[in-house]
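>
Residue numbers (the numbering used here), protein chains in the order written: chain P, 1 to 338; chain L, 339 to 628.
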């Protein structure tokens, strides 16, 4: 069975810091949902509240329609992989994986085949008898994952499970994780600060900022149609460009990514190239305009520093200036193609 | 538990050179200083009393050796040795076991409070230990005696527990706080109730601290004489320290006291040797990163 998660006006604070500010959102059954956000935004707290190891100050959490807000963690049938894997140091790999089954009083005769099968799936059969401090970081991550999978939970919570891995191991682990989720067809909630992981893994991504979801949607939406200027800055490798503008009777900013501008000799705007950076096939140009605005452009041409370029903005997003007192995170962005 | 453990770093054999001769001399001198009282105990125990207790200038090298002191003390007619030894052992194990049994839940609870609050409360526990035990012994023992709790191992054990428990809790709070919090969370998420998570997943990781706490509590009780002296029942038996005290004061037989002193060291040594391999705890270290 796979579970749907609902947050209903959940509030959580640590001292003065609001980690969840009246948050409501839903994760669909079978969805790979990534919670993305900068470090220190309390992303993990969302997982911990679902797991039941962090109490909720207000609001309720439902798993498959059942209110679990005040259920102890061991009654929620939720699997969680912690950032540091939290393997039990007093048990070997086999006993670590078998632990959740033992807690459900499975007889040993049923535990063994289950553990062996999940170990085979994850390629850790050889290390089953090892101590957990004798195996590599990548293996520890697999053991933690195996321990989560073995009990067939309806919901997986993963707290930055890839962040402790070397770059190369992380690449394969990421792909494996996606495959596992697809094979299991279960709901995955995955917390990360790495937008590449969100992009590769997620069906939908929610970006957390100041205790709220700034935007929730497929990752491509976050990139193509950022709801707020903050999202525009946070998502993407290169910052967005912003020009003050009027649109539809309101003042605000016009935002566009470097690749949404087209360098052409008939362009409406003119700028002087200050710095060029070549990244693969492209060159990123940091330019300044006559009125002092800075703008990032992207081109496949060779453009030398100090030269003048003209460009058109092919596509942009309009960010209305938010009212000083509305406290909302900003109005919906309207993608425009002039 | 298959091998694959990294080899121990190569051990360099210490060499006696001119530069460390002084160091070894210092070590020998220091050891001699600390071992001297024990030497005197054994000297008196195995030397005829006319050369020691009843001599004006007892020699440091025994002129003759004898078993008769020990025989008189341990097996002589009306010797309180066996019941006394038994009582002392009973109380010491009781104090050690109770310290662990009460110490684990107390320390776990304290370790889950904020560290400032936890330290505040632990300090409060130590108030009894801060006061000299002879001053506090009377107010503590009077209610015990009124309640008819004297002379029994439980009564003496419970008063000694007042001294052993704060130290145990202090040790165990530190041990619990040293464990990653997410280990307990993981166990809870994996389906363990709180009791199971604490006793099944956390307690096995603090075994070295438990052993240390047990040993210290055990030895504290083995050594303790103030409460044991006030609460003992002359009609039945007293603990070893009390019997040693009585033997050297008043109308006691000093030879008995010496024999008791000599024998009293043996259980401590045995217990320490048996338990010390658990004190290292290297097998339980690490395993959780970050």
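Yeah, the Cβ is synthetic: ideal placement off N, Cα and C, and Gly gets one too.
Note that this is a predicted model, so its numbers are computed, not measured.
Run through chain P and tell me which residues come within less than 7 angstroms of residue 307 of chain L, C-beta to C-beta.
No answer is possible for residue 307 of chain L: it lies beyond the span of chain L, which begins at 339 and ends at 628.
> Identify which residue in P:96, P:278, P:251 has its Cα closest to the Cα of residue 86 of chain P.
Locating residue 86 of chain P in the first chain gives position 86, where the first residue counts as 1. Among P:96, P:278, P:251, the Cα nearest to that of residue 86 of chain P belongs to P:96.
> Over the uninterrupted beta strand (DSSP E) stretch that includes residue 411 of chain L, give me the two end residues.
Along the second chain, read from residue 1 onward, the residue named residue 411 of chain L stands at position 73. Note, residue 411 of chain L: premise wrong, no beta strand (DSSP E); alpha helix (DSSP H) at 406-413.
> Shorter than 8 angstroms from the beta carbon of residue 452 of chain L to some beta carbon of chain P?
Looking up residue 452 of chain L in the second chain gives position 114. Taking Cβ atoms only, chain P never reaches closer than 8 angstroms to residue 452 of chain L, which makes this a no.
> Roughly how many whole angstroms lie between the Cα atoms of residue 144 of chain P and residue 125 of chain P?
In the first chain, counting from the first residue as 1, residue 144 of chain P sits at position 144. In the first chain, counting from the first residue as 1, residue 125 of chain P sits at position 125. Distance between the alpha carbons of residue 144 of chain P and residue 125 of chain P is about 14 angstroms.
> Which residues, in chain order, does the segment 37-52 of chain P contribute to contact with chain L at a C-beta distance below 8 angstroms?
Within the segment 37-52 of chain P, the residues whose Cβ lies closer than 8 angstroms to some Cβ of chain L are 48, 51, 52, listed in chain order.
> Are the C-beta of residue 103 of chain P and some C-beta of chain L separated by less than 8 angstroms?
Position 103 of the first chain, counted from the first residue, corresponds to residue 103 of chain P. Judged by the 8 angstroms Cβ criterion, residue 103 of chain P is in contact with chain L.
> So residue 311 of chain P and residue 269 of chain P are supposed to be a Cβ contact under 8 angstroms. How far apart are they, rounded?
Within the first chain, residue 311 of chain P is the residue found at index 311, counting from 1. Within the first chain, residue 269 of chain P is the residue found at index 269, counting from 1. Yes, they are in contact, since the Cβ atoms of residue 311 of chain P and residue 269 of chain P sit about 5 angstroms apart, within 8 angstroms.
> Excluding sequence positions up to five away, which residues of its chain have a Cβ less than 8 angstroms from the Cβ of residue 554 of chain L?
Along the second chain, read from residue 1 onward, the residue named residue 554 of chain L stands at position 216. Hits under 8 angstroms: 502, 505, 506, 509.
> Leaving out the 5 sequence neighbours to the left and right, which residues in its chain are closer than 6 angstroms to residue 384 of chain L when beta-carbon positions are compared?
Working through the second chain from its first residue, we reach residue 384 of chain L at position 46. The answer, listed in chain order, is 403.
> Spatial neighbours of residue 138 of chain P within its chain, please: CB distance less than 7 angstroms, with the 5 preceding and 5 following residues excluded, ordered by chain position.
Taking the first residue of the first chain as 1, we reach residue 138 of chain P at position 138. Excluding sequence neighbours, residue 138 of chain P sits near 165, 169, 173.
> Mapping DSSP to helix, strand and coil, what is residue 450 of chain L?
Working through the second chain from its first residue, we reach residue 450 of chain L at position 112. Residue state, collapsed to three classes: coil.
> Determine the extent of the alpha helix (DSSP H) in which residue 365 of chain L is found, giving its start and end residues.
If you number the second chain from 1, residue 365 of chain L lands on position 27. That run of the alpha helix (DSSP H) goes 356-384.
> Go through the segment 515-552 of chain L residue by residue and report every complete run of the alpha helix (DSSP H) that reaches 4 residues or more, in order.
The qualifying runs are 519-527.
> Assuming contact is defined by CB atoms lying nearer than 8 angstroms, are residue 315 of chain P and residue 260 of chain P in contact in what I supplied?
Residue mapping note: residue 315 of chain P aligns to position 315 of the first chain, counting from 1. Residue mapping note: residue 260 of chain P aligns to position 260 of the first chain, counting from 1. A contact, by the Cβ cut-off of 8 angstroms.
> For chain P, is any of its Cβ atoms less than 8 angstroms away from the one on residue 513 of chain L?
Start at 1 with the first residue of the second chain, and residue 513 of chain L comes out as number 175. It does not: the Cβ of residue 513 of chain L has no partner Cβ on chain P nearer than 8 angstroms.
> In whole angstroms, what separates the C-alpha of residue 536 of chain L from that of residue 106 of chain P?
As a first step, residue 536 of chain L must be located in the second chain, where it is residue number 198. As a first step, residue 106 of chain P must be located in the first chain, where it is residue number 106. Whole-angstrom Cα-Cα distance: 21 angstroms.
> Please work out which residues of its chain come closer than 8 angstroms, Cβ to Cβ, to residue 483 of chain L, disregarding the five sequence neighbours upstream and downstream, and give them in chain order.
Taking the second chain and counting its residues from 1, one reaches residue 483 of chain L at position 145. Cβ neighbours of residue 483 of chain L beyond the five flanking positions: 569.
> Going by DSSP, what residues sit across from residue 312 of chain P in a beta bridge?
Position 312 of the first chain holds residue 312 of chain P. Bridge partners of residue 312 of chain P: P:262.
> Who pairs with residue 363 of chain P in a beta bridge, going by DSSP?
Outside the shown range of chain P (1 to 338) lies residue 363 of chain P, about which nothing can therefore be said.
> So the alpha helix (DSSP H) residue 232 of chain P belongs to, where does it begin and stop?
In the first chain, residue 232 of chain P corresponds to position 232, counting from 1. Counting along the chain, the alpha helix (DSSP H) containing residue 232 of chain P begins and ends at 229-234.
> What in chain L is Cβ-close to residue 78 of chain P, meaning under 9 angstroms?
As a first step, residue 78 of chain P is located in the first chain; it is residue number 78 there, counting from the start. Simply 527.
> Mark residue 94 of chain P as exposed unless 16 or more other C-beta atoms lie within 10 angstroms of its C-beta, in which case mark it buried.
Stepping through the first chain from its first residue, residue 94 of chain P is reached at position 94. Looking at its Cβ environment, which holds 16 or more other Cβ atoms inside 10 Å, residue 94 of chain P is buried.
> Work out the CA separation of residue 227 of chain P and residue 252 of chain P for me, nearest whole Å.
Within the first chain, the letter at position 252 stands for residue 252 of chain P. Within the first chain, the letter at position 227 stands for residue 227 of chain P. So the alpha carbons of these two residues sit roughly 13 angstroms apart.
> Could you tell me which chain P residues have their CB closer than 7 angstroms to the CB of residue 531 of chain L, listed as they occur along the chain?
The sequence position of residue 531 of chain L within the second chain is 193, counting from 1. Those are 74, listed as they occur along chain P.
> Taking only runs that begin and end inside the segment 146-178 of chain P, name each unbroken beta strand (DSSP E) of 3 or more residues, in chain order.
Correct list: 155-159.
> Applying the 10 Å Cβ sphere with the 16-neighbour rule, what's the burial state of residue 520 of chain L?
Position 182 of the second chain holds residue 520 of chain L. It counts as buried.
> Contact between the segment 429-439 of chain L and the segment 488-498 of chain L is defined here as three or more beta-carbon pairs at a separation below 8 angstroms; is this criterion met?
The answer is yes - the segment 488-498 of chain L touches the segment 429-439 of chain L, with three or more Cβ pairs under 8 angstroms.
> Within 8 angstroms, do at least three Cβ pairs link the segment 301-311 of chain P to the segment 233-245 of chain P?
No: the two stretches stay apart, fewer than three of their Cβ pairs being nearer than 8 angstroms.
> Tell me where the beta strand (DSSP E) around residue 35 of chain P begins and ends.
As a position in the first chain, residue 35 of chain P is number 35, starting the count at 1. From DSSP, the beta strand (DSSP E) with residue 35 of chain P extends over 32-36.
> By DSSP, does residue 613 of chain L sit in helix, in strand, or in coil?
In the second chain, counting from the first residue as 1, residue 613 of chain L sits at position 275. The answer is helix: DSSP assigns residue 613 of chain L an H, G or I state.
> Using only CA atoms, which one of L:597, L:616, L:560, L:604 lies nearest to residue 427 of chain L?
To locate residue 427 of chain L, count along the second chain from 1; it is residue 89. With distances taken between Cα atoms, residue 427 of chain L lies closest to L:560.
> Residue 100 of chain P versus chain L: which residues are under 7 angstroms apart at the beta carbon?
If you number the first chain from 1, residue 100 of chain P lands on position 100. Simply 528, 529.
> Report yes if the CB atom of residue 531 of chain L is closer than 8 angstroms to the CB atom of residue 133 of chain P, and no otherwise.
Residue 531 of chain L sits at position 193 when you count from the first residue of the second chain. Residue 133 of chain P sits at position 133 when you count from the first residue of the first chain. No; because the gap between Cβ atoms is not below 8 angstroms, this pair is not in contact.
> Using the Cβ count rule (16 or more neighbours within 10 Å means buried), how would you classify residue 481 of chain L?
Counting from 1 along the second chain, the entry for residue 481 of chain L is found at position 143. Label assigned to residue 481 of chain L: exposed.
> Within the segment 72-152 of chain P, note down every full beta strand (DSSP E) run reaching 3 residues or more, in order along the chain.
Within the segment 72-152 of chain P, the complete beta strand (DSSP E) runs of at least 3 residues are 79-81.
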